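To keep things clear, I will list the structure first and then write my remarks on it.
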Amino acid sequence: GICDSSGALVSEGSGAELPDATLQAAIEHKGAGKKLAQLDGALTPEGRGVSDFLRQVSSDCGQTHAGCILVDCTANEATVPALLLAAESPAFKATMANKKPITAGMDVFRALAAPDALRRVRYESTVCAG
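Residue numbers (this note's numbering): -17 to 112.
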């Protein structure tokens, strides 16, 4: 699946993939600066907060597609609940390339960097870059 803060496109059923045409449409749509929620078939938060929505989509994808990986490319903390779920659950894995989740607080960092979570959560962070 693909998520942004407005919505998500997910495949239906265990082992199913998003069709290439759907992926291409999403790439073009996002390239034009538009939100995924505007695409036909997109799931939306429907009144829930972004963090709760992303956590639920991640949980659902982990249950439907065992071994899937949440790739966090954001620059905010909205993904922290989904990343914490990955740290706790063998249903899916997560990787992130931003500082926000691992600098959200020591409790969050400890959960994401815990020895038993390292098989499921990977991260990279730079200091004083740019």
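Virtual Cβ for every residue (Gly too), placed ideally from N, Cα, C. Only a predicted model underlies this, so the values are computations on that prediction, with no experimental measurement involved.
Using three-state DSSP, classify residue i as helix, strand or coil.
i: residue 21; result: coil
i: residue 43; result: helix
i: residue 85; result: helix
i: residue 2; result: helix
i: residue 34; result: helix
i: residue 7; result: helix
Below 8 Å on the Cβ atoms is my contact criterion, and I expect residue i with residue j to pass it. Report the Cβ-Cβ distance as a whole number of Å.
i: residue 40; j: residue 67; result: 6 Å
i: residue 52; j: residue 74; result: 6 Å
i: residue 5; j: residue -17; result: Contact flag wrong, Cβ pair sits at about 10 Å.
Excluding the 5 residues preceding and the 5 following residue i in the sequence, name in chain order all residues of the same chain whose CB lies nearer than 6 Å to its CB.
i: residue 79; result: 106
i: residue 100; result: none
For residue i, which residues of its own chain have a beta-carbon under 8 Å away from its beta-carbon, when the five flanking residues on both sides are left out?
i: residue 21; result: -11, -9, 7, 8 and 11
In the DSSP assignment, what residue or residues form a beta bridge with residue i?
i: residue -10; result: -15 and 25
Within a Cβ cutoff of 7 Å, which residues of the same chain sit near residue i, ignoring the five residues on either side of it in sequence?
i: residue -7; result: -17, -1 and 0
Three-pair Cβ contact test at 8 Å for the segment 12 to 21 versus the segment 57 to 65: Flag = no, the segment 12 to 21 and the segment 57 to 65 do not touch.
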